[in-house]
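A.B. asks: Submitted below is the structure of interest, expressed as structure tokens.
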């Protein structure tokens, strides 16, 4: 299950993006695309390349790399990146890099509060010559317009399934990945946990009403459980619509118990 030597820095796919990035001179980039496709890893590759040359010799921690992001979402629904989490960027960018370029990565930039986004805007309008900012979000439309207008978008697509074959050819794992190598690698790193999640997800449809609610509450506790539900119900379009509606309701801060009670009815076989 090792990555191929031709996959730079463990990045699977995105050859066109890797070819483009060294030529870009914009101070702010938007890496758009689905979760798990490799945007964050490519952002690290980009930061290392700016400091050590492309292709970079290694990935990992670097004194000129700072990353900001929210905690994992689950039943608490939408989380936010608040002003106090963005403020350290200003002091960090106030000093010169140890090597060549300071790179800040804002993961899930679409979750910035308005106050945090407005503060960040000042930095985007007058970035230091040695600074770069990478915003990671699902799409340009999910960002506040003031931020989106100041970022050059680099779009990431799901990785073709055949590029994941060196990792696995298991149909269920590939369906779970959905073209996202990061999601697949997490499942492969803990196959026991993955199988347990899938067993619970498959049980949902035929379970009693109280058991179905309990299973949904457990699976919706983290994003991995939600992806397992998508795989288990992938052949039932109406169930997929119900799952999507439940996820959107949680992001609007609707009561989790109400959301899951309704979903339990929708997923009954």
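In our numbering, the protein residues as written are 6 to 274.
Idealized CB from N, CA, C, for every residue including glycine.
Note that the structure is predicted; figures quoted are calculated from it, not measured.
1) Could you give the first and the last residue of the continuous beta strand (DSSP E) run that contains residue 33?
2) Can you check which of these residues, 252, 218, 214, 126, is closest to residue 231 by C-alpha distance?
3) CA-CA distance, residue 139 and residue 57?
4) Whose C-alpha, out of 156, 126, 193, is nearest the C-alpha of residue 171?
5) Of the choices 184, 256, 196, 211, whose alpha-carbon is the least far from that of residue 225?
6) Who are the near neighbours of residue 55 in its chain, counting only those whose CB is closer than 7 Å to its CB and skipping five residues on each side?
7) Would you grab the beta carbon distance between residue 34 and residue 164 for me? Rounded to a whole angstrom, and I think it's under 8 Å.
8) Answer yes if the segment 116 to 126 comes into contact with the segment 20 to 28, meaning at least three C-beta pairs across the two stretches below 8 Å, and no otherwise.
9) Kindly indicate which three-state DSSP category residue 47 falls into: helix, strand or coil?
10) Out of 74, 130, 61, 52, state which residue places its alpha-carbon closest to the alpha-carbon of residue 68.
11) Can you tell me the Cα-Cα spacing of residue 203 and residue 90, whole angstroms?
12) Does the beta-carbon distance from residue 182 to residue 207 come in below 7 Å?
13) Given a cut-off of 7 Å on the beta-carbon distance, is the pair residue 98 and residue 133 in contact?
14) Could you check what DSSP says for residue 106 in three-state terms: helix, strand or coil?
15) Rounded C-beta distance between residue 272 and residue 210? I'm assuming under 8 Å.
16) Spatial neighbours of residue 74 within its chain, please: CB distance less than 6 Å, with the 5 preceding and 5 following residues excluded, ordered by chain position.
17) If you draw a straight line from the C-alpha of residue 64 to the C-alpha of residue 49, how long is it?
18) Which residue spans inside the segment 94 to 173 form an unbroken alpha helix (DSSP H) run of at least 4?
19) Can you round the beta-carbon distance between residue 185 and residue 41 to whole angstroms, since I take them to be within the 8 Å contact cut?
C.D. replies: Straight from the coordinates:
1) Per DSSP, residue 33 belongs to the beta strand (DSSP E) from 33 to 37.
2) Looking only at 252, 218, 214, 126, the smallest Cα-Cα distance to residue 231 is reached by 252.
3) Rounded to whole angstroms, residue 139 to residue 57 spans 18 Å at the Cα level.
4) The residue with the shortest Cα to Cα distance from residue 171 is 193.
5) Nearest in C-alpha terms to residue 225, of all of 184, 256, 196, 211, is 256.
6) Within the same chain, 105, 106, 108, 137 come within 7 Å of residue 55 by CB-CB distance, once the 5 residues on both sides are set aside.
7) Rounded to the nearest angstrom, the Cβ distance from residue 34 to residue 164 is 20 Å, too far for a contact under 8 Å.
8) No, the segment 20 to 28 does not touch the segment 116 to 126.
9) In the displayed model, residue 47 falls within a helix according to three-state DSSP.
10) Of the candidates 74, 130, 61, 52, 52 places its Cα closest to the Cα of residue 68.
11) Straight-line Cα distance between these residues: approximately 35 Å.
12) Not a contact, by the Cβ cut-off of 7 Å.
13) Note that the C-beta distance between residue 98 and residue 133 is below 7 Å.
14) Reduced to three states, the DSSP call for residue 106 is coil.
15) Correct: roughly 6 Å between the Cβ atoms.
16) Closer than 6 Å at Cβ, skipping near neighbours: 112, 113.
17) Their backbone Cα atoms lie some 7 Å apart in a straight line.
18) Counting only runs of 4 or more, we get 119 to 130, 150 to 153.
19) Indeed they touch by this definition, with Cβ atoms about 3 Å apart.
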